[in-house]
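Undergrad: Protein chains in written order, with our numbering: chain A, 171 to 410; chain B, 232 to 545. We put the beta carbon where it would ideally sit given N, CA and C, even for glycine. The structure displayed is predicted, hence computed values, not measured ones. What follows is a single structure, and I will ask about it in a moment.
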């Protein structure tokens, strides 16, 4: 247990010490909530913008941590030979993976506390859908994490850095996180619906935004990515 | 293990696709012994060490590290607790300082060395909080060595431990390696620098094109090979034919290799050295720089690999 706890602590500490990680996982989400919650320019419909923004930005925060942050950090660890070196210690790969997953979940809890607090201050009234919300976040974390490790495991660290950030931006735009899916052209919305970002944002809009059941397609898409992502990563990951 | 052998491989073959990196290499190292794998870049040193570390699978031959096969899962699980590894480069979180890295690695082992003692031992106290990527090359190497030592290994593999290290850092690293030897650790290191092998190692295996081309203690290697004869310096223009006739019963050849430098070919027995000294003394000639029967490791290296020695540093 001691190596695992030490590894989790190190992973969390390294993320919180990395300026760009804090910006990505906390800074940008907070700015998005405060800015678009105050300046009503997004096509979020007739209700208060924060009702749409809070779940959408929470979904973005999950994607930032479990996909982008994990991918970039792991890519550089691979490039610097850290993963190779750890392979020759008693920590072992299963415990390294467990530590990374635990660290992601801990960071997501920190994000949720901060972003919910900011959203409440902006006048958000969440509905009681926390149970399904936690479930979809865990599924999405698995799917995003798999995609992140898929990129980190095959691309060079610098290429992966660009790819992960690029993917983050594309998914941000076509995910229903900031812009409702209904505002997208039909074909784009159709593509978005099979991606984990839109499935997560719609699930959170329903569960904690509107207080309605999570749509079936969200469960299916998130469940499929939760299995396919890590599987693809496991099949292609190169440790050095 | 009763015979004290800690690491052993015989007829090791390592292939990458159609490229043969290691081609039938055998070696053996005991507890409390420092074995250097010496050879030019690309000779197969790293491939050999990384196979012994369990990173690569052998395409042929047998391996034993502390009685285990490092390529087998069970062997790997047992050996990660008993073997220390220093990679040729990298291996540390770029944003992590020496103290944090040592504490983290110490947590992986049941009975680790004290991280702060290791910081002092490797002279890293003044940069304890400096991120890895901002350390000098020498500091990075010393931290890698400290991390390899943190778990009190019985066998330690060091891939080019002194490459890119300043002279002061080299002294520290040599002291640490000699301390490990005294503690009974089996140390296997690679180097492409002759002087490092000569300073650090009890035993040297010279590797070229994936094969062991020479093997022995530094003294054995230097004494073996072609007969080294006797070299000495005196005044220029000595009558070498007369000298040859005086010191040899058989046909001895003496040549003046450079003005005032002489080479006596053939055996280098004390009798011959004495005859040489007497002949010179009778004529009132000086004698200096006498060397009998010993080539430098560099000469051995050049003769067995047939190529230029690499520079002093990488």
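Measuring CA to CA, which of 324(B), 425(B) and 409(B) is closest to residue 375(B)?
TA: Numbered from 1 along the second chain, position 144 holds the residue referred to as residue 375(B). Closest option to residue 375(B), Cα to Cα, is 324(B).
Undergrad: Does any CB atom of chain B fall closer than 9 Å to the CB of residue 201(A)?
TA: On the first chain, position 31 is the one that residue 201(A) refers to. No, its Cβ sits nowhere closer than 9 Å to a Cβ of chain B.
Undergrad: So that I know if they touch, is there some Cβ in chain A lying closer than 9 Å to that of residue 299(B)?
TA: Walking along the second chain from the start, residue 299(B) turns up at place 68. Answer no: the Cβ-Cβ gap between residue 299(B) and chain A never drops below 9 Å.
Undergrad: For a test of the three-state rule: what should DSSP assign to residue 456(B), helix, strand or coil?
TA: The count along the second chain starts at 1 and reaches residue 456(B) at position 225. Only weak support exists for where residue 456(B) lies, its pLDDT of 47 falling under 50; the value from the coordinates is given anyway. Of the three classes helix, strand and coil, the one that applies to residue 456(B) here is coil, per DSSP.
Undergrad: Does DSSP classify residue 299(B) as helix, strand or coil?
TA: Here residue 299(B) corresponds to residue number 68 of the second chain, with the count starting at 1. Residue state, collapsed to three classes: strand.
Undergrad: Tell me whether residue 220(A) counts as near the ligand FAD, meaning its Cβ is closer than 8 Å to at least one heavy atom of that ligand.
TA: This structure simply doesn't include the ligand FAD, nor any ligand for that matter.
Undergrad: Go through the segment 305-358 of chain B residue by residue and report every complete run of the beta strand (DSSP E) that reaches 3 residues or more, in order.
TA: Runs found: 314-317.
Undergrad: Given a threshold of 16 other Cβ atoms within 10 Å of its Cβ, counted over all protein chains shown, does residue 457(B) qualify as buried or as exposed?
TA: Stepping through the second chain from its first residue, residue 457(B) is reached at position 226. Reliability fails at residue 457(B), whose pLDDT of 48 lies under 50, so the model's placement of it is uncertain and the value that follows must be treated cautiously. That one is exposed.
Undergrad: Of all the residues that make up the segment 250-269 of chain A, which are near chain B by a beta-carbon distance shorter than 8 Å?
TA: Per Cβ criterion, the list reads 250, 251, 252, 254, 255, 257, 258, 259, 260, 261 and 262.
Undergrad: Counting only the same chain and skipping the five closest in sequence on each side, list residues whose C-beta sits under 6 Å from that of residue 202(A).
TA: For this step, residue 202(A) is matched to residue 32 along the first chain. Answer for residue 202(A): 227, listed in chain order.
Undergrad: Can you tell me which of the three DSSP states residue 241(B) falls into?
TA: For this step, residue 241(B) is matched to residue 10 along the second chain. Residue 241(B) falls in the strand class under three-state DSSP.
Undergrad: Which same chain residues, not among the five before or five after residue 364(B), have their C-beta less than 6 Å away from its C-beta?
TA: For this step, residue 364(B) is matched to residue 133 along the second chain. Counting only Cβ-Cβ distances below 6 Å, and skipping sequence neighbours, we find 325.
Undergrad: Go to residue 257(B), then tell me how far its beta strand (DSSP E) extends in each direction, as first and last residue.
TA: Walking along the second chain from the start, residue 257(B) turns up at place 26. Unbroken beta strand (DSSP E) run through residue 257(B): 250-261.
Undergrad: On the premise that residue 240(B) lies in contact with residue 277(B), defined as a C-beta separation below 8 Å, what is that separation, rounded to the nearest angstrom?
TA: Position 46 of the second chain, counted from the first residue, corresponds to residue 277(B). Position 9 of the second chain, counted from the first residue, corresponds to residue 240(B). Between residue 240(B) and residue 277(B) the Cβ distance is about 14 Å, and since that is not below 8 Å, they are no contact.
Undergrad: So is residue 342(B) buried or exposed if we call it buried at 16+ other beta carbons inside 10 Å?
TA: One-based indexing of the second chain puts residue 342(B) at position 111. It counts as exposed.
Undergrad: Mind reading off the beta-carbon distance from residue 400(B) to residue 254(B)? Whole number of angstroms is fine, and I expect it under 8 Å.
TA: Counting from 1 along the second chain, the entry for residue 400(B) is found at position 169. Counting from 1 along the second chain, the entry for residue 254(B) is found at position 23. Going by Cβ atoms, the distance from residue 400(B) to residue 254(B) rounds to 34 Å, so no, they are not a contact pair.
Undergrad: Which same chain residues, not among the five before or five after residue 235(B), have their C-beta less than 6 Å away from its C-beta?
TA: Residue 235(B) sits at position 4 when you count from the first residue of the second chain. Closer than 6 Å at the Cβ level, and outside the excluded window around residue 235(B), lie 261 and 262.
Undergrad: Looking at the C-beta of residue 326(B), does it have a partner C-beta in chain A at a distance below 9 Å?
TA: Here residue 326(B) corresponds to residue number 95 of the second chain, with the count starting at 1. Chain A, which has a Cβ nearer than 9 Å to the Cβ of residue 326(B), makes this yes.
Undergrad: By DSSP, does residue 437(B) sit in helix, in strand, or in coil?
TA: Stepping through the second chain from its first residue, residue 437(B) is reached at position 206. Residue 437(B): strand per DSSP, three-state reduction.
Undergrad: Is the segment 376-393 of chain A close to the segment 230-241 of chain A, with three or more CB pairs under 8 Å?
TA: Short answer: they don't touch.
Undergrad: For residue 272(B), count the other beta carbons within 10 Å of its own beta carbon; 16 or more makes it buried, fewer makes it exposed. Which is it?
TA: Position 41 of the second chain, counted from the first residue, corresponds to residue 272(B). Flag for residue 272(B) reads exposed.
Undergrad: Am I right that residue 311(A) and residue 378(A) are in contact with their C-beta atoms under 8 Å? What's the rounded C-beta distance?
TA: Stepping through the first chain from its first residue, residue 311(A) is reached at position 141. Stepping through the first chain from its first residue, residue 378(A) is reached at position 208. Incorrect: roughly 16 Å between the Cβ atoms, too far for contact.
Undergrad: Runs of 4 residues minimum, wholly inside the segment 445-508 of chain B: which ones carry the alpha helix (DSSP H) assignment?
TA: List check, alpha helix (DSSP H) in window: 449-454 and 471-478.
Undergrad: With H, G and I counted as helix, E and B as strand and the rest as coil, what does DSSP make of residue 393(B)?
TA: On the second chain, position 162 is the one that residue 393(B) refers to. Coil.
Undergrad: Any idea what DSSP makes of residue 420(B), helix, strand or coil?
TA: Taking the second chain and counting its residues from 1, one reaches residue 420(B) at position 189. Strand at residue 420(B).
Undergrad: Anyone know if the C-beta pair for residue 177(A) and residue 290(A) falls short of 9 Å?
TA: Within the first chain, numbered from 1, the residue matching residue 177(A) stands at position 7. Within the first chain, numbered from 1, the residue matching residue 290(A) stands at position 120. Contact: no.
Undergrad: Quick check on residue 304(A): does DSSP put it in helix, strand or coil?
TA: Against the first chain, residue 304(A) aligns to sequence position 134. It is helical.
Undergrad: Anything in chain A within Cβ reach of residue 311(B), meaning under 9 Å, just list it in chain order.
TA: As a first step, residue 311(B) is located in the second chain; it is residue number 80 there, counting from the start. Those are 257, 258, 259, 260, 261 and 262, listed as they occur along chain A.
Undergrad: Excluding the 5 residues flanking residue 405(B) on each side, which residues of the same chain have their C-beta closer than 7 Å to its C-beta?
TA: By one-based count along the second chain, residue 405(B) stands at place 174. 430 and 431, listed in sequence order.
Undergrad: Determine the contact status of residue 309(A) and residue 402(A), defining contact as a CB-CB distance below 9 Å.
TA: Within the first chain, the letter at position 139 stands for residue 309(A). Within the first chain, the letter at position 232 stands for residue 402(A). It is not a contact, given that the beta carbons lie outside the stated cut-off.
Undergrad: Quick check on the DSSP output: the beta strand (DSSP E) that includes residue 521(B) runs from which residue to which?
TA: In the second chain, counting from the first residue as 1, residue 521(B) sits at position 290. Unbroken beta strand (DSSP E) run through residue 521(B): 519-523.
Undergrad: Excluding the 5 residues preceding and the 5 following residue 292(A) in the sequence, name in chain order all residues of the same chain whose CB lies nearer than 6 Å to its CB.
TA: Residue numbering aside, residue 292(A) sits at position 122 when the first chain is read from its first letter. Counting only Cβ-Cβ distances below 6 Å, and skipping sequence neighbours, we find 207 and 220.
Undergrad: Would you grab the beta carbon distance between residue 466(B) and residue 491(B) for me? Rounded to a whole angstrom, and I think it's under 8 Å.
TA: As a working note, residue 466(B) is residue 235 in the second chain. As a working note, residue 491(B) is residue 260 in the second chain. With 8 Å as the limit, residue 466(B) and residue 491(B) qualify as a contact, their Cβ atoms being about 6 Å apart.
Undergrad: Which residues does DSSP pair with residue 246(B) in a beta bridge?
TA: Taking the second chain and counting its residues from 1, the one referred to as residue 246(B) is at position 15. Answer is 251(B).
Undergrad: By alpha-carbon positions, which one of 285(A), 180(A), 278(A) and 173(A) ends up nearest to residue 204(A)?
TA: On the first chain, position 34 is the one that residue 204(A) refers to. Closest option to residue 204(A), Cα to Cα, is 285(A).
Undergrad: Counting only C-beta atoms, is residue 545(B) closer than 9 Å to chain A at any point?
TA: Taking the second chain and counting its residues from 1, the one referred to as residue 545(B) is at position 314. Legend: pLDDT at residue 545(B) = 36, less than 50; position of this residue unreliable, value from coordinates given subsequently. Answer no: the Cβ-Cβ gap between residue 545(B) and chain A never drops below 9 Å.
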